[in-house]
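Take 452 as the starting number for the sequence shown in the working numbering and just add one per residue. Here the structure is laid out as structure tokens; the discussion comes afterwards.
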Amino acid sequence: MNYLASIGSYAIMVREVFKKPTKWRIMKSLILKEIDDLIFGSLGIIIFISFFIGGVVAIQTALNISNPLIPRNLIGFATRQSVILEFAPTFTSIIMAGKVGSYITSSIGTMRVTEQIDALEVMGVNSLNYLVFPKIVAMFFYPFAVAIAMYIGILGGWIAGVFGGFSSSADFVEGLQLDFIPYHVTYSFIKSVVFAFVIATVPSYHGYYMKGGALEVGKAATVSFVWTSVVIIILNYVLTQLMLG
């Protein structure tokens, strides 16, 4: 029953976010700040992880090709499919749930502990719209980060495959072009948008409704990461079944 109550509270929170909007003059600066903090501030770790994940996929694929009859372009093909379909949108989202989600929960939770949210309510401001809506808008730029993760991941696979001596550049590029389905990129971006909404709202829920002091802020950040990851994994299964099944 506690889980059902939490789901209901989350739905009510999402509805309240879009009520009584803050003035655009103020909201614009909030959105730009969140884009800088949540998206551009995360590009470094996204690029770093994507590069090595792409390289690992290429190396593991090459090491598992023991039959000389299997073409070497399979390395590029496997790297492309793995990075575009799963690693770029899903694995990156798990990382973002840890980095961005913890930041969102702790920042909003700190405002709750220090009674800043109560002060916003006293001034007649819709605190949910003021705090959460800019994060939702900012996270809709998340597919931009996923596109970079795709490119860097494939680049990392190419570097690992070619300079590691596992494949020639021509074979790797041929594998990248082999049976390419543009819909897979669309599928990945749709997943990214759904995950972005989850990353923006689930941590906000845990931060907004937390109770206690500074110690509870840390606990709320940990719980929000766990539940954001769980929701992302479940939605990943559902979306894959709906869109590719």
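Here a beta-carbon is modelled for each residue, glycine too, at the ideal position from N, C-alpha and C.
query                                                                                                                      : result
Y660 - DSSP class collapsed to helix/strand/coil                                                                           : coil
Close-in-space but distant-in-sequence residues of the same chain around A611 (CB under 6 Å, 5 per side omitted)           : G506, A509, I510
Chain-order list of residues whose beta-carbon lies under 7 Å from that of V636 (same chain, five-residue window excluded) : I535
Span of the alpha helix (DSSP H) around I463                                                                               : 453-468
Exposed unless 16 or more other CB atoms sit within 10 angstroms - verdict on R466                                         : exposed
Min CB distance S618 to chain D below 8 Å                                                                                  : This model lacks chain D altogether, as it is built from one protein chain only.
Runs of alpha helix (DSSP H) wholly within the segment 465-513 (minimum 4 residues, chain order)                           : 475-485
Reference F491; option with closest CA among F592, M464, L693                                                              : F592
DSSP three-state assignment for V689, whether helix, strand or coil                                                        : helix
Residues near P540 in its chain [Cβ-Cβ closer than 6 Å; skip 5 each side]                                                  : V597, S639, K642, S643
8 Å Cβ shell around S558 - same chain, five flanking residues per side excluded                                            : G658
Selected residue, minimal CA-CA separation from A647, among A529, M547, P472, N515                                         : M547
Contact the segment 512-529 vs the segment 616-627: 3+ CB pairs below 8 Å                                                  : yes
DSSP three-state assignment for T537, whether helix, strand or coil                                                        : One point to set straight first is that residue 537 is Glu, not Thr, in the sequence displayed. Helix.
DSSP three-state assignment for L606, whether helix, strand or coil                                                        : helix
Cβ-based burial, K479 [other Cβ within 10 Å; buried from 16]                                                               : exposed
Rounded straight-line distance, which links the Cα of I477 to that of S680                                                 : 32 Å
Buried/exposed call for L582, threshold 16 Cβ in 10 Å                                                                      : buried
Backbone secondary structure at G615 - three-state DSSP                                                                    : coil
Whether I442 touches I498 by CB criterion (8 Å)                                                                            : What is shown of the chain runs 452 to 696, which leaves residue 442 out entirely.
Beta-carbon proximity of N580 to K470, cut-off 8 Å                                                                         : yes
CB of L494 within 8 Å of CB of M590, strictly                                                                              : no
Rounded distance between the beta-carbons of L690 and V653, thought under 8 Å                                              : About 16 Å separates the two Cβ atoms, so there is no contact after all.
W475 versus V468 - alpha carbon distance                                                                                   : 15 Å
Beta-carbon spacing of F528, G604 below 8 Å                                                                                : no
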